[in-house]
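Undergrad:
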Amino acid sequence: VRSMVNLHIEYMLLQQSGASNSVKEAKKSAIDQGAFRFRSATHRISVMNSLPEFFIQMLVEQYGESKTEEMAIVFNEAGPITLRRNKVKCDSNDLLCQRLQNDGLVHAFPLSMVDSGLQSNFTAPSGCVRMQANESWSPAKKSLWSMEAWKDGWFEVQDTGSQLIVEATEAKGGECVIDYCAGNGGKTLALASIMHNDFHCEKRLSGSLIIANDVVDIRLKQIIGSLKRAGLSDDENPLVSIKTTLDKDINLEDGMADVVLVDA
1018 VRSMVNLHIE YMLLQQSGAS NSVKEAKKSA IDQGAFRFRS ATHRISVMNS LPEFFIQMLV
1078 EQYGESKTEE MAIVFNEAGP ITLRRNKVKC DSNDLLCQRL QNDGLVHAFP LSMVDSGLQS
1138 NFTAPSGCVR MQANESWSPA KKSLWSMEAW KDGWFEVQDT GSQLIVEATE AKGGECVIDY
1198 CAGNGGKTLA LASIMHNDFH CEKRLSGSLI IANDVVDIRL KQIIGSLKRA GLSDDENPLV
1258 SIKTTLDKDI NLEDGMADVV LVDA
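Just so we're aligned: 1149 in the numbering used here is position 132 of the sequence shown, and the numbers increase by one with no gaps anywhere.
Written out as structure tokens, the structure is:
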């Protein structure tokens, strides 16, 4: 929606201001010269921040113009890039941060606290790493998925909230866990990471089983395709077995699971 609104505004400004070297210059020129007139403060905030006017109107009614403008500016800022260290492949956050630095001059640091936006903050999950764009690296310069550390399964891109959800399950090595709304498997792989780590730390006697389920079969196939890179294929990791409900020998039955994660 934002892209469509932005394209329409740029076209409208070009039409009113004449030919220019760039769309950005045309937009600035039209506003500076008064060629483009705003109908209201709501319209101005909408145009300047490429957000639908009806949405801005709703915010203004609830928060007022000043707060809405602050929020609109934030909506246009890139969000933080958060990684989850794969404990199957990488033993420490420091090792991951150092490798990212070596791979592409990426500045990364372990996250210790999570700002909840409320009165209290949360302790970040173990293995939570934040990437920071700088002059040497940004996602536009080099894709995260082209980095050797990702190809080798050292990390997954996963927001802090999803990592907190997985940690809250308190899943342990040797248990059976069902990820009932698995999607593309972000939390499935995160569960495997912590259960693999727990298995080694506690020296448990039996292996772990994670069953991924989703209503869209193609998503489950994507999980299967990620296992080898993450060091979680059956021939590489006998301690944690990941199956999907596409497997003919998997049937979900009452009482079979120690933990069921439903992030619908």
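Heads up, the beta-carbon is just placed ideally off N, CA and C, and yes, glycines get one too.
By alpha-carbon positions, which one of Gly1170, Cys1114, Asp1120, Val1105 ends up nearest to Pro1127?
TA: Ranking Gly1170, Cys1114, Asp1120, Val1105 by Cα distance to Pro1127 puts Cys1114 first.
Undergrad: I need the DSSP call for Met1130, collapsed to helix, strand or coil.
TA: Reduced to three states, the DSSP call for Met1130 is strand.
Undergrad: Exposed or buried, what is Asn1230 when buried is set at 16 or more other beta-carbons lying within 10 Å of its beta-carbon?
TA: Label assigned to Asn1230: buried.
Undergrad: Could you spell out the range, first to last residue, of the alpha helix (DSSP H) harbouring Ala1058?
TA: Element bounds for Ala1058: 1058 to 1066.
Undergrad: Could you tell me the alpha carbon to alpha carbon distance between Asp1111 and Lys1168, rounded to whole angstroms?
TA: Whole-angstrom Cα-Cα distance: 18 Å.
Undergrad: Provide the residue(s) that pair with Ala1229 in DSSP beta bridges, ordered along the chain.
TA: Answer by DSSP bridge pairing, in chain order: Asp1196, Thr1261.
Undergrad: By the three-class DSSP mapping on this structure, what secondary structure does Phe1055 have?
TA: Reduced to three states, the DSSP call for Phe1055 is coil.
Undergrad: Can you give me the C-alpha to C-alpha distance between Ala1188 and Val1276, rounded to a whole angstrom?
TA: So the two alpha carbons sit approximately 7 Å from each other.
Undergrad: So Lys1204 and Ser1243 are supposed to be a Cβ contact under 8 Å. How far apart are they, rounded?
TA: With a Cβ gap of about 12 Å, Lys1204 and Ser1243 do not count as contacting.
Undergrad: Buried or exposed, going by whether 16 or more other CB atoms sit within 10 Å of the CB of Asn1151?
TA: Exposed, by the Cβ-count rule.
Undergrad: Secondary structure at Ala1125, three-state DSSP: helix, strand or coil?
TA: Correct three-state label for Ala1125: strand.
Undergrad: If I'm right that Met1148 touches Ala1125 with Cβ under 8 Å, what's the distance once you round it to whole angstroms?
TA: Indeed, because the Cβ distance is near 5 Å, the residues count as touching under 8 Å.
Undergrad: Determine which residues share a DSSP beta bridge with Arg1102 and list them.
TA: BP columns for Arg1102 point to Phe1172.
Undergrad: Does DSSP put Met1148 in a helix, in a strand, or in coil?
TA: Reduced to three states, the DSSP call for Met1148 is strand.
Undergrad: Please classify Ser1225: is it buried, with 16 or more other beta-carbons within 10 angstroms of its beta-carbon, or exposed?
TA: Counting Cβ neighbours within 10 Å, Ser1225 comes out buried, since at least 16 surround it.
Undergrad: Just checking my contact of Ile1228 with Ile1267 at CB under 8 Å: how many whole Å lie between their CB atoms?
TA: The pair is a contact, with the Cβ atoms about 6 Å apart (cut-off 8 Å).
Undergrad: In three-state terms, what does DSSP make of Leu1113?
TA: Three-state DSSP puts Leu1113 in a helix.
Undergrad: Using only the alpha-carbon positions, how far apart do Glu1192 and Val1077 sit?
TA: If I take the Cα positions, the gap works out to 50 Å.
Undergrad: State buried or exposed for Ile1073, treating a residue as buried only when at least 16 other CB atoms are found within 10 Å of its CB.
TA: The residue is buried, with at least 16 neighbouring Cβ atoms inside 10 Å.
Undergrad: In angstroms with no decimal places, state the Cα-to-Cα distance between Asp1251 and Ala1209.
TA: One C-alpha to the other measures close to 12 Å.
Undergrad: With burial defined as no fewer than 16 other Cβ atoms inside 10 Å of the residue's Cβ, what is the status of Ser1063: buried or exposed?
TA: By the 10 Å Cβ count, Ser1063 comes out buried.
Undergrad: Would you decide whether Glu1165 is buried or exposed? Buried here means 16 or more other CB atoms lie within 10 Å of its CB.
TA: Exposed: under 16 other Cβ atoms inside 10 Å.
Undergrad: What's the C-alpha gap between Ala1274 and Val1257?
TA: Going from the Cα of Ala1274 to the Cα of Val1257 covers about 15 Å.
Undergrad: Comparing alpha-carbon positions, which option in Arg1054, Cys1198, Ala1141, Gly1121 lies nearest Leu1161?
TA: Here the closest residue by C-alpha is Gly1121.
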